[in-house]
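K.L.:
Reminder that position 337 of the sequence shown reads as 351 in my numbering, one-by-one numbering, no gaps. We put the beta carbon where it would ideally sit given N, CA and C, even for glycine. In this text, all values refer to a predicted model and were calculated from it rather than measured experimentally.
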Amino acid sequence: MSENRPAAVIILAAGEGTRLKSKTPKVLHPIGGRSLVSHAIHAARGTSPEHLVVVVRHKRELVAPHVAEVDPAALIADQDEVKGTGRAVECGLQVLPADLTGTVLVTYGDVPLLETTTLREMTAAHEASGNAVTVITSVLEDPSGYGRVVRDTDGQVLRIVEQKDAQRARDEGGEDAGALDIKEINSGIYAFDAQVLRDCLSRVGTDNAQGEKYLTDVLGLARAAGRPVRAHVVEDRWQSEGVNDRTQLADLGRILNERLVRRWMLEGVTVVDPATTWIDADVTIGRDTVIRPGTQLLGATTIGEDAVIGPDTTLTSVEVGDGASVVRTQAELAVIGPKATVGPFSYLRPGTELGAGGKIGGFVETKNAVIGEGAKVPHLTYAGDATIKEGANIGAGTIFANYDGVDKHHTTIGRHSFVGSDTVLIAPVNVADGAYVAAGSALTGDVEPGQIAVSRARQRNVDGWVARKRAGTKTAAAAEAAAAEAAASGATSAGDGTEATGTDEAGARHTHSQDEGSQA
Numbered sequence: 015m016s017e018n019r020p021a022a023v024i025i026l027a028a029g030e031g032t033r034l035k036s037k038t039p040k041v042l043h044p045i046g047g048r049s050l051v052s053h054a055i056h057a058a059r060g061t062s063p064e065h066l067v068v069v070v071r072h073k074r075e076l077v078a079p080h081v082a083e084v085d086p087a088a089l090i091a092d093q094d095e096v097k098g099t100g101r102a103v104e105c106g107l108q109v110l111p112a113d114l115t116g117t118v119l120v121t122y123g124d125v126p127l128l129e130t131t132t133l134r135e136m137t138a139a140h141e142a143s144g145n146a147v148t149v150i151t152s153v154l155e156d157p158s159g160y161g162r163v164v165r166d167t168d169g170q171v172l173r174i175v176e177q178k179d180a181q182r183a184r185d186e187g188g189e190d191a192g193a194l195d196i197k198e199i200n201s202g203i204y205a206f207d208a209q210v211l212r213d214c215l216s217r218v219g220t221d222n223a224q225g226e227k228y229l230t231d232v233l234g235l236a237r238a239a240g241r242p243v244r245a246h247v248v249e250d251r252w253q254s255e256g257v258n259d260r261t262q263l264a265d266l267g268r269i270l271n272e273r274l275v276r277r278w279m280l281e282g283v284t285v286v287d288p289a290t291t292w293i294d295a296d297v298t299i300g301r302d303t304v305i306r307p308g309t310q311l312l313g314a315t316t317i318g319e320d321a322v323i324g325p326d327t328t329l330t331s332v333e334v335g336d337g338a339s340v341v342r343t344q345a346e347l348a349v350i351g352p353k354a355t356v357g358p359f360s361y362l363r364p365g366t367e368l369g370a371g372g373k374i375g376g377f378v379e380t381k382n383a384v385i386g387e388g389a390k391v392p393h394l395t396y397a398g399d400a401t402i403k404e405g406a407n408i409g410a411g412t413i414f415a416n417y418d419g420v421d422k423h424h425t426t427i428g429r430h431s432f433v434g435s436d437t438v439l440i441a442p443v444n445v446a447d448g449a450y451v452a453a454g455s456a457l458t459g460d461v462e463p464g465q466i467a468v469s470r471a472r473q474r475n476v477d478g479w480v481a482r483k484r485a486g487t488k489t490a491a492a493a494e495a496a497a498a499e500a501a502a503s504g505a506t507s508a509g510d511g512t513e514a515t516g517t518d519e520a521g522a523r524h525t526h527s528q529d530e531g532s533q534a
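1) For P242 versus A139, is the C-beta distance shorter than 8 Å?
2) How would you label R277, buried or exposed, when you count the other beta carbons within 10 angstroms and need 16 or more for buried?
3) Report the option in A345, A453, R182, G313 whose CA atom is closest to the CA atom of A471.
4) Counting pairs of Cβ atoms below 8 Å between the segment 26-38 and the segment 257-268, do you hit three or more?
5) Does K483 come out as helix, strand or coil in the three-state DSSP assignment?
6) Determine whether the beta carbon atoms of I90 and A58 lie at a separation below 8 Å.
7) Taking the DSSP output, what are the residues bridged to R48?
8) Using a Cβ-Cβ distance cut-off of 8 Å, determine whether I299 contacts chain B.
9) How about A408 and V433: do their beta carbons lie closer than 8 Å?
10) Have a look at K422 and A54 and give me their C-alpha separation to the nearest angstrom.
11) Based on Cα-Cα distance, which residue from G464, V41, D231 lies nearest to T449?
12) Do A102 and V125 have their beta-carbon atoms positioned less than 8 Å apart in this structure?
13) Do you know offhand how far A508's Cα is from V476's?
14) Beta carbon of H56, beta carbon of L50: below 8 Å?
15) Let me know if G29 comes out buried or exposed under the rule of 16 or more other beta-carbons within 10 Å of its beta-carbon.
16) Given a threshold of 16 other Cβ atoms within 10 Å of its Cβ, counted over all protein chains shown, does G386 qualify as buried or as exposed?
17) Pick out whichever of K483, G308, A338, G234 has its Cα sitting closest to the Cα of T325.
18) Taking Cβ to Cβ, would you say D327 is nearer than 8 Å to V341?
19) According to the neighbour-count rule (16 or more other Cβ atoms, all chains shown, within 10 Å of its Cβ), is R173 buried or exposed?
20) Tell me, please, which residues DSSP counts as bridged to E462.
21) Could you tell me which residues DSSP puts in a beta bridge with T380?
22) What does the Cβ neighbour count give for S360, buried or exposed, with the cut at 16 atoms within 10 Å?
23) List the endpoints of the continuous beta strand (DSSP E) containing A22.
24) What span of residues does the beta strand (DSSP E) with I150 cover, start to end?
25) Excluding sequence positions up to five away, which residues of its chain have a Cβ less than 8 Å from the Cβ of K373?
26) Pull the bridge partners of L457 from the DSSP assignment, please.
27) Could you spell out the range, first to last residue, of the beta strand (DSSP E) harbouring H65?
28) Fully enclosed by the segment 307-379, which beta strand (DSSP E) runs are 3 residues long or longer?
29) Excluding the 5 residues flanking R134 on each side, which residues of the same chain have their C-beta closer than 8 Å to its C-beta?
30) If you scan the segment 163-190 from start to end, which runs of the alpha helix (DSSP H) of 4 or more residues do you find wholly inside it?
31) Since V286 and I305 should fall inside the 8 Å C-beta cutoff, what is the C-beta to C-beta distance between them, to a whole number of angstroms?
32) Under 7 Å Cβ to Cβ from C214, same chain only, skipping five residues before and after it: list those, please.
33) Classify T489: buried if its beta carbon has 16 or more other beta carbons within 10 angstroms, exposed otherwise.
34) Tell me which residue opens and which closes the alpha helix (DSSP H) that E198 is part of.
35) Return yes when the Cβ of V163 is within less than 8 Å of the Cβ of I196, no when it is not.
36) Please report the straight-line C-alpha distance between A338 and L362, rounded to a whole angstrom.
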């Protein structure tokens, strides 16, 4: 067990967040790939508490399952009709052992930039000083809207005066008339002695401007009992900044992203343009990887060393191997092997796996496709529900026709096989190792090793069709001019080396060549 491990952390996540004007509960709004409450849970769990409690109320049916998904070991406490942070903490204590001793941390579900390190440092300072209460504070040039920290002559925290109560004291000339001039503000994040917290909360009332049970009143009661209350000042004000509206949500998202991008640059990653690069909190990146402008690395994306990602690329929970290159690509739940290349303008849907040294080229879409080592799908192709084995090559314009209107079917392309351009593979089909499919084929059956499959109609050239069907057009004029030029030069209409052998009943002339199946 680590030193200064708190007995419990209570996260307050019961609020509605009306200023967000959203159907989604405030604490479920995301930044950096995690919900606000998920950020809070990660920071709290990093302190290794004996118990972690999340207090919920508004849209409990959404918040509680999300908490359980993020941290199955977390306890859920329900806040009742009594309003206020004091009552919320009291409800949190009710799901903890009645004989709990030690340090209880209290934080919030809408403070996403709070770091585990800060909570650990506060816990250590709290226990080293023997405090009853320790509160994280910050000094702001404009403290409007925050509770003010009133200190005594010894520098200890005397009490915290909420904004509305400070305003009322100024208006009515009360004891705290000068509180609005104080620039040190209360973050609302505390370390409490568990027994002091229980005892004081039982005596806190609701006689204040808000008519709520204030958690801040515990500080005054602790002081009145002769117990020390001190502040733990944090220079980084963003760690205690909460989200109340969408502008604050965006501001904190931007600050979080700047910190994540900076962290990876300090770890040895080159980020060409930090202003246009977005990296989620659960992303990992190897050294000497280059991230080009306009790139978003989201979800649980992992990138190896020496890779090049971007520009203009979005990867969501994608695994990228060492030395791979991914350019102007959108990919989700895909695997890109070492030294593989993807893009530009590629779309990798879930289930795509590209082997080492493989290629997915421009304007290619893949889905549930396993593409083997060194295999290539270079351009203008849809590969869905497919296995493309080692060294195979898929020609431009190939379609893996995997859906028959009811069911999806699978196609397999064998090792070192070749599929010609403009081919439709009508699943289910199996092209064996070392086989060919001729360009322009519509394949409905299997191909055995060493075979070439040809599935297309013979070419028919119909003389005079443009003159009859498109008379008066620019095309007809061009054809007439070309024919006249050819006649003048003595060329035959069949062209050099090709013999015209007659016409059918419809007046169409056939151009004969070797039988297609003998071209191999």
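P.N.:
Taking the structure as given:
1) Here residue 242 is taken as the residue at index 228 of the sequence shown, counted from 1. Here residue 139 is taken as the residue at index 125 of the sequence shown, counted from 1. For P242 and A139, no; Cβs fall outside 8 Å.
2) What you label residue 277 is simply residue 263 of the sequence shown in a count that begins at 1. With a 10 Å radius around the Cβ and a threshold of 16 neighbouring Cβ atoms, R277 comes out exposed.
3) Walking along the sequence shown from the start, residue 471 turns up at place 457. Closest option to A471, Cα to Cα, is A453.
4) Counting Cβ pairs under 8 Å, three or more are found: they touch.
5) Translated into positions along the sequence shown, residue 483 becomes position 469. Helix.
6) In the sequence shown, residue 90 corresponds to position 76, counting from 1. In the sequence shown, residue 58 corresponds to position 44, counting from 1. No Cβ-Cβ contact shorter than 8 Å links I90 with A58.
7) The residue given as residue 48 occupies position 34 in the sequence shown. Residue pairing by DSSP places R48 opposite I45 in a beta bridge.
8) In summary, chain B is missing from the structure at hand, where a single protein chain is found.
9) As a position in the sequence shown, residue 408 is number 394, starting the count at 1. As a position in the sequence shown, residue 433 is number 419, starting the count at 1. One point to set straight first is that residue 408 is Ile, not Ala, in the sequence displayed. Yes, Cβ-Cβ distance for I408 and V433 is below 8 Å.
10) As a first step, residue 422 is located in the sequence shown; it is residue number 408 there, counting from the start. As a first step, residue 54 is located in the sequence shown; it is residue number 40 there, counting from the start. Roughly 42 Å between the two C-alpha positions.
11) As a position in the sequence shown, residue 449 is number 435, starting the count at 1. Note on identity: in this sequence residue 449 is Ala, with Thr being the wrong assignment. For A449, the nearest C-alpha among the options comes from G464.
12) Here residue 125 is taken as the residue at index 111 of the sequence shown, counted from 1. Here residue 102 is taken as the residue at index 88 of the sequence shown, counted from 1. No, Cβ-Cβ distance for V125 and A102 is not below 8 Å.
13) In the sequence shown, the residue the question calls residue 508 occupies position 494. In the sequence shown, the residue the question calls residue 476 occupies position 462. Only weak support exists for where A508 lies, its pLDDT of 46 falling under 50; the value from the coordinates is given anyway. Between the alpha carbons of A508 and V476 lies a gap of roughly 12 Å.
14) Against the sequence shown, residue 56 aligns to sequence position 42. Against the sequence shown, residue 50 aligns to sequence position 36. Not in contact: H56 and L50 (Cβ atoms no closer than 8 Å).
15) Translated into the one-based positions of the sequence shown, residue 29 becomes position 15. It counts as buried.
16) Here residue 386 refers to the residue found at position 372 of the sequence shown. Buried, since its Cβ has 16 or more Cβ neighbours within 10 Å.
17) Numbered from 1 along the sequence shown, position 311 holds the residue referred to as residue 325. Inspection of the sequence shows that residue 325 is occupied by Pro rather than by Thr. Ranking K483, G308, A338, G234 by Cα distance to P325 puts G308 first.
18) For the purposes of this step, residue 327 is identified with residue 313 of the sequence shown, where counting begins at 1. For the purposes of this step, residue 341 is identified with residue 327 of the sequence shown, where counting begins at 1. Sequence inspection shows Thr at residue 327; the Asp mentioned does not correspond to that position. Yes. Within cutoff.
19) If you number the sequence shown from 1, residue 173 lands on position 159. Residue burial annotation: R173 is buried, with at least 16 other C-beta atoms found within 10 angstroms of its C-beta.
20) For the purposes of this step, residue 462 is taken as the residue at position 448 of the sequence shown. Partner(s): none; E462 has no beta bridge.
21) Sequence index remark: in the sequence shown, residue 380 carries index 366 (1-based). L362, A397.
22) Start at 1 with the first residue of the sequence shown, and residue 360 comes out as number 346. By the 10 Å Cβ count, S360 comes out buried.
23) Mapped onto the sequence shown, residue 22 falls at position 8. 22-27 is the extent of the beta strand (DSSP E) around A22.
24) Within the sequence shown, residue 150 is the residue found at index 136, counting from 1. That run of the beta strand (DSSP E) goes 147-153.
25) As a first step, residue 373 is located in the sequence shown; it is residue number 359 there, counting from the start. Closer than 8 Å at the Cβ level, and outside the excluded window around K373, lie A354, T355, V356, A389, K390, V391, P392.
26) Position 443 of the sequence shown holds residue 457. Per DSSP, L439.
27) For the purposes of this step, residue 65 is taken as residue 51 along the sequence shown, with counting starting at 1. Per DSSP, H65 belongs to the beta strand (DSSP E) from 65-70.
28) The DSSP assignment places 310-312, 328-330, 343-346, 360-362 as complete runs of the beta strand (DSSP E) inside the segment 307-379, in order along the chain (cut-off: 3 residues).
29) Here residue 134 is taken as the residue at index 120 of the sequence shown, counted from 1. Leaving aside the five residues that flank R134 on each side, the residues in its chain whose CB is nearer than 8 Å to its CB run, in chain order, N18, G60, T61.
30) You should have 177-186.
31) Numbered from its first residue, the sequence shown carries residue 286 at position 272. Numbered from its first residue, the sequence shown carries residue 305 at position 291. Rounded, the Cβ-Cβ distance is 7 Å, consistent with contact.
32) Start at 1 with the first residue of the sequence shown, and residue 214 comes out as number 200. Excluding sequence neighbours, C214 sits near V232, L235, A236.
33) For the purposes of this step, residue 489 is taken as residue 475 along the sequence shown, with counting starting at 1. The residue in question, T489, is exposed, as its Cβ has fewer than 16 Cβ neighbours within 10 Å.
34) For the purposes of this step, residue 198 is taken as residue 184 along the sequence shown, with counting starting at 1. No alpha helix (DSSP H) contains E198, which is instead part of the beta strand (DSSP E) from 198-207.
35) Numbered from its first residue, the sequence shown carries residue 196 at position 182. Numbered from its first residue, the sequence shown carries residue 163 at position 149. Taking 8 Å as the Cβ cut-off, I196 and V163 qualify as a contacting pair.
36) As a working mapping, residue 338 is identified with position 324 in the sequence shown. As a working mapping, residue 362 is identified with position 348 in the sequence shown. Straight-line Cα distance between these residues: approximately 15 Å.
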